[in-house]
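*Asks:* Sending over a structure as structure tokens; questions will come in a sec.
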Amino acid sequence: MDDNKTFTLLGDKFAAASIDFSRPMRVAFITYDGSVKYSAANGFDEIQDLLPFLQSKGLDIHEEIWDDPAVDWTAYQVALLRMPWDYHQKFEEFKAWLTKIESLGITLLNNYETVRWNIDKHYLQQITNAGCQVIPSIFLEQGWNDGLPLLFDALSSDQIILKPCVSGGSRDTLKVSRTAFQEAQAVLAELLTQGAYIAQPFMKEINDGEWSFTFFNGTYSHTILKKPKAGDFRVQQFFGGTIERIDPQQEHIDQAASFVSAFAPETLYARVDGLMVDNNFMLMELELVEPFLYLAYHPEALGNFYRALTEKINELAEAEIA
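Take a look at the structure:
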């Protein structure tokens, strides 16, 4: 990709979204020390191109690995969570890092309260309790050993999905059938020594695709549809899943937006993932920590993100002056 050409083409389009340079704020672009499993699309790579693009627009923004002990966090006023994708593997360290940078007065995007709430899938219980449409869920606390047959009955399903309450990218996720659960039960028992799990019915609608609605500063931006490869249930690209842009009906955008307004009202970014069940959107997950934003899959997505980020930075700068 010709980066200069891309940035030139994008320059005039986003001119209205600008930083007030009289009140500069230094931003840490948070990543991790690991391999990237997503690829570019439509001429822009969210991983390789986003940071240089933001820098080309004049932002004082620099990549930092969240758990790099050499980072001087006192040099930053803002930390933008983009790719701390190993946080679930270093959970206690990540929580300690959040406490550390919060104590330094650094603003986190998304904010600390939201991130701490969202890093554990128990948050889905709160959303369910509020009467929202959520895929049915049962939480198995660490050490649970009541036996898988009870779950098939409780979830009224002959196939269930089991995934860690703290995880990402389908790590340690199991699909189990009622007729062949014995081996999975031993595996699950071992996994439950490490942390809690969530059990959900396998939804056949996953074969039609998982919908991801993305919002910036509470405003709808774009939607993509992720489908698993034949014979699988995982939609991630590195498992063979496919991604396509989709233009949803307004009623479905409104349904997704209701989760953001109720549970993520102050977020810079929010991704609402779910399935269409009888033409009704049902939530699978509300992604508020480090979601892939699919900025390359819609022509307006990158501009929407950039404008939202500059709005946040300018708000913070104005508050600091006041």
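Residue numbers (the working numbering): 295 to 616. Ideal Cβ positions, reconstructed from N, Cα and C, are used throughout, including at glycine. A quick note: this is a predicted structure, and the numbers were derived from the prediction, not measured.
Count the other CB atoms within 10 Å of the CB of Ser316; is the residue buried (16 or more) or exposed (fewer)?
*Replies:* Counted from its first residue, the sequence shown places residue 316 at position 22. In this prediction, Ser316 has a pLDDT of 49, which is less than 50 and means its spatial position is unreliable; what the coordinates show is noted afterwards. With fewer than 16 Cβ atoms within 10 Å of its Cβ, Ser316 is classed as exposed.
*Asks:* Looking at C-alpha atoms only, which residue of Glu605, Val571, Ala564, Asn574 is the closest neighbour of Leu589?
*Replies:* As a first step, residue 589 is located in the sequence shown; it is residue number 295 there, counting from the start. When each option's Cα is compared against that of Leu589, the closest is Ala564.
*Asks:* Going straight from the alpha carbon of Ile615 to that of Met319, what length do you get?
*Replies:* Indexing the sequence shown from 1 puts residue 615 at position 321. Indexing the sequence shown from 1 puts residue 319 at position 25. Those two C-alpha atoms are separated by around 12 Å.
*Asks:* Measure the beta-carbon distance from Pro559 to Gly512 and round it to whole angstroms, keeping in mind my assumption that it falls under 8 Å.
*Replies:* Walking along the sequence shown from the start, residue 559 turns up at place 265. Walking along the sequence shown from the start, residue 512 turns up at place 218. The pair is a contact, with the Cβ atoms about 6 Å apart (cut-off 8 Å).
*Asks:* Quickly, what does DSSP pair Ile432 with across the bridge? List them, please.
*Replies:* Within the sequence shown, the letter at position 138 stands for residue 432. Answer is Ala493, bridged to Ile432.
*Asks:* Using a threshold of 8 Å, state whether the C-beta atoms of Ile455 and Gln494 are closer than that.
*Replies:* For this step, residue 455 is matched to residue 161 along the sequence shown. For this step, residue 494 is matched to residue 200 along the sequence shown. Contact: yes.
*Asks:* Apart from the five residues just before and just after Pro593, which ones in its own chain have a Cβ nearer than 6 Å to its Cβ?
*Replies:* Taking the sequence shown and counting its residues from 1, one reaches residue 593 at position 299. The answer is none, since no qualifying residue turns up.
*Asks:* Under 8 Å: do the region 417–426 and the region 382–395 share three or more Cβ pairs, one atom per stretch?
*Replies:* no
*Asks:* Could you tell me which of Asp339, Leu348, Pro346, Asp361 sits nearest to Gly328, measuring between CA atoms?
*Replies:* In the sequence shown, residue 328 corresponds to position 34, counting from 1. Closest option to Gly328, Cα to Cα, is Asp361.
*Asks:* Which residue marks the beginning of the alpha helix (DSSP H) containing Glu594, and which one marks its end?
*Replies:* Counted from its first residue, the sequence shown places residue 594 at position 300. From DSSP, Glu594 is part of no alpha helix (DSSP H); its letter is neither H nor E.
*Asks:* Measure the C-alpha to C-alpha separation of Glu538 and Asn501 and round it to an integer number of angstroms.
*Replies:* As a first step, residue 538 is located in the sequence shown; it is residue number 244 there, counting from the start. As a first step, residue 501 is located in the sequence shown; it is residue number 207 there, counting from the start. Roughly 14 Å separates the two Cα atoms.
*Asks:* Exposed or buried, Thr393, counting other C-beta atoms within 10 Å across all chains shown (16 or more means buried)?
*Replies:* Sequence index remark: in the sequence shown, residue 393 carries index 99 (1-based). By the neighbour-count rule (16 or more Cβ atoms within 10 Å), Thr393 is not buried but exposed.
*Asks:* If you draw a straight line from the alpha carbon of Leu445 to that of Ile432, how long is it in whole angstroms?
*Replies:* Locating residue 445 in the sequence shown gives position 151, counting from the first residue. Locating residue 432 in the sequence shown gives position 138, counting from the first residue. Computed Cα separation, rounded: 8 Å.
*Asks:* Grouping DSSP H, G and I as helix and E and B as strand, with all else coil, what is Glu609?
*Replies:* Mapped onto the sequence shown, residue 609 falls at position 315. The answer is helix: DSSP assigns Glu609 an H, G or I state.
*Asks:* Ignoring anything shorter than 3 residues or poking outside the region 364–436, list the beta strand (DSSP E) runs there in chain order.
*Replies:* 372–375, 401–403, 432–434
*Asks:* How would you write the range of the alpha helix (DSSP H) that Gln549 sits in, first residue to last?
*Replies:* Position 255 of the sequence shown, counting from 1, holds the residue named residue 549. First-last of the alpha helix (DSSP H) with Gln549: 544–557.
*Asks:* Considering Cα atoms alone, identify which of Cys426, Leu344, Glu435, Pro522 is closest to Gly489.
*Replies:* As a position in the sequence shown, residue 489 is number 195, starting the count at 1. Closest by alpha carbon: Glu435.
*Asks:* Check whether the Cβ atoms of Glu357 and Leu344 sit closer than 8 Å, and answer yes or no.
*Replies:* One-based indexing of the sequence shown puts residue 357 at position 63. One-based indexing of the sequence shown puts residue 344 at position 50. Taking 8 Å as the Cβ cut-off, Glu357 and Leu344 do not qualify as a contacting pair.
*Asks:* Residues bridged to Lys457 by DSSP?
*Replies:* Position 163 of the sequence shown holds residue 457. Bridge partners of Lys457: Ile492.
*Asks:* Buried or exposed, going by whether 16 or more other CB atoms sit within 10 Å of the CB of Thr368?
*Replies:* Here residue 368 is taken as the residue at index 74 of the sequence shown, counted from 1. Note on Thr368: under 16 other CB atoms within 10 angstroms of its CB, so exposed under the neighbour-count rule.
*Asks:* Classify Asp567 as helix, strand or coil using the three-state DSSP reduction.
*Replies:* Stepping through the sequence shown from its first residue, residue 567 is reached at position 273. Here Asp567 sits in strand by DSSP.
*Asks:* Give the DSSP bridge partners of Val330, in chain order.
*Replies:* The sequence position of residue 330 within the sequence shown is 36, counting from 1. None, per the DSSP bridge assignment.
*Asks:* Around the Cβ of Arg465, are there at least 16 other Cβ atoms within 10 angstroms (buried) or fewer (exposed)?
*Replies:* As a working mapping, residue 465 is identified with position 171 in the sequence shown. Classification for Arg465: exposed.
*Asks:* Whole angstroms are fine: how far does the CA of Val428 sit from the CA of Met578?
*Replies:* Stepping through the sequence shown from its first residue, residue 578 is reached at position 284. Stepping through the sequence shown from its first residue, residue 428 is reached at position 134. The alpha-carbon atoms of Met578 and Val428 are separated by roughly 6 Å.
*Asks:* With respect to the beta strand (DSSP E) encompassing Ser506, which residues constitute its N-terminal and C-terminal limits?
*Replies:* The residue you call residue 506 lines up with position 212 of the sequence shown. Counting along the chain, the beta strand (DSSP E) containing Ser506 begins and ends at 504–510.
*Asks:* Thinking just about the alpha-carbon of each residue, which of Val583, Ile355, Gly597, Thr473 is nearest to the one in Leu403?
*Replies:* Looking up residue 403 in the sequence shown gives position 109. Among Val583, Ile355, Gly597, Thr473, the Cα nearest to that of Leu403 belongs to Val583.
*Asks:* Between Leu587 and Val566, is the Cβ-Cβ spacing less than 8 Å?
*Replies:* As a first step, residue 587 is located in the sequence shown; it is residue number 293 there, counting from the start. As a first step, residue 566 is located in the sequence shown; it is residue number 272 there, counting from the start. No; because the gap between Cβ atoms is not below 8 Å, this pair is not in contact.
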